[in-house]
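Peer 1: First the structure, which I've put down as structure tokens, then a few questions once you've had a look.
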Amino acid sequence: WKREIPLESAMPRLSGSDMRVGVLGGTFDPVHLAHLIIGEEARIQLELERVLFMPAGQPWLKAGQALSPAADRLRMVELAIEGNPHFQVCCHEVNRDGPTYTVDTLEELHQELGADCEIFFIIGQDALEQFHRWKEPARLLQLCRLAVARRPGHDDFDRKAWQRLFSDADEPAFLAAPSIDISGTEIRRRAAAGGTLRYLVPDAVADYIKRRRLYQAALLEPEES
-15 WKREIPLESA MPRLSGSDMR VGVLGGTFDP VHLAHLIIGE EARIQLELER VLFMPAGQPW
45 LKAGQALSPA ADRLRMVELA IEGNPHFQVC CHEVNRDGPT YTVDTLEELH QELGADCEIF
105 FIIGQDALEQ FHRWKEPARL LQLCRLAVAR RPGHDDFDRK AWQRLFSDAD EPAFLAAPSI
165 DISGTEIRRR AAAGGTLRYL VPDAVADYIK RRRLYQAALL EPEES
């Protein structure tokens, strides 16, 4: 896979009052309605001018996990966000060779968007619980503030542990988003079995999955942890 996209088309430079940006990363295999809802809730609650949907390249925390080709995952994001002027695809990680690390991506974004741009990195509560394992988490928190979408079945925020690990950083901003628990594994299994994906993914994404015959081996996947 190598689909280099020029910066001018992939990331128009922000200007004027366009100084609060959200970044929503993920494998997006496939992108589904919960991703879009979280992105929109973050935009509204954090007063963001733009939300960048950033498909992962080779996420190191998921090393060894089979992913659909980056070109397919990127195209599904493009189809999903089409028509929302505040949503935009970010190709930084799929254009990078080797394992991808969020801190490296945010360093690049800071250079491109400018020091005055405030970046919110949007994650789920399950990811927050593993955040201390990420590469250079303290440096990452100098580059962005975390915005966390709560997920059913996950513990409340451990403020004492956060202050012990990241005493110099802002606490995460928690989003009051609807608790919609959509499983990427279940979507892939449904697609493999020829089942309907209606109300799980945008119609254009469902059509793309069917046309490209994605996830035909998904019936053998293990359960997500």
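Heads up: the sequence shown begins at -15 in this note's numbering, then just goes up one per residue. C-beta atoms are modelled at their ideal positions from N, C-alpha and C, and glycine is treated no differently.
Shortest alpha-carbon distance to Asp213 belongs to which of Ala175, Leu127 and Val189?
Peer 2: The structure shown does not extend to residue 213, since the chain is modelled only from -15 to 209, so the question has no answer here.
Peer 1: Check for me: the beta strand (DSSP E) holding Met38 runs from which residue to which?
Peer 2: Along the sequence shown, read from residue 1 onward, the residue named residue 38 stands at position 54. That run of the beta strand (DSSP E) goes Arg34 to Pro39.
Peer 1: Glu102 bridges to which residues according to DSSP?
Peer 2: As a first step, residue 102 is located in the sequence shown; it is residue number 118 there, counting from the start. Answer is Arg4.
Peer 1: Whose CA, out of Leu8, Glu66 and His16, lies closest to the CA of Pro39?
Peer 2: Counted from its first residue, the sequence shown places residue 39 at position 55. Of the candidates Leu8, Glu66 and His16, the one whose C-alpha sits nearest the C-alpha of Pro39 is Leu8.
Peer 1: Which of the three DSSP states, helix, strand or coil, is assigned to Ile107?
Peer 2: Position 123 of the sequence shown, counted from the first residue, corresponds to residue 107. It is a strand residue.
Peer 1: Taking the alpha helix (DSSP H) that Arg172 falls in, what are its first and last residues?
Peer 2: Sequence index remark: in the sequence shown, residue 172 carries index 188 (1-based). Where Arg172 is concerned, the enclosing alpha helix (DSSP H) stretches over Gly168 to Ala176.
Peer 1: Quick test of your reading: Gly41 and Glu77, contact by CB under 8 angstroms. State the CB separation rounded to the nearest angstrom.
Peer 2: Here residue 41 is taken as the residue at index 57 of the sequence shown, counted from 1. Here residue 77 is taken as the residue at index 93 of the sequence shown, counted from 1. Confirmed, about 4 angstroms.
Peer 1: What are the boundary residues of the alpha helix (DSSP H) that Gln29 is part of?
Peer 2: What you label residue 29 is simply residue 45 of the sequence shown in a count that begins at 1. Leu17 to Gln29 is the span of the alpha helix (DSSP H), which, as asked, contains Gln29.
Peer 1: Which class does Arg117 belong to by DSSP, given the choice of helix, strand or coil?
Peer 2: The residue given as residue 117 occupies position 133 in the sequence shown. If DSSP states are grouped into helix, strand and coil, Arg117 belongs with the helices.
Peer 1: Could you give the first and the last residue of the continuous alpha helix (DSSP H) run that contains Arg143?
Peer 2: For the purposes of this step, residue 143 is identified with residue 159 of the sequence shown, where counting begins at 1. Element bounds for Arg143: Arg143 to Leu149.
Peer 1: The alpha helix (DSSP H) spanning Leu159 covers which residue range?
Peer 2: Locating residue 159 in the sequence shown gives position 175, counting from the first residue. No alpha helix (DSSP H) contains Leu159, which is instead part of the beta strand (DSSP E) from Ala157 to Leu159.
Peer 1: Express the C-alpha separation of Gly178 and Ala122 in angstroms, rounding to a whole number.
Peer 2: If you number the sequence shown from 1, residue 122 lands on position 138. If you number the sequence shown from 1, residue 178 lands on position 194. C-alpha separation (whole angstroms): 45 angstroms.
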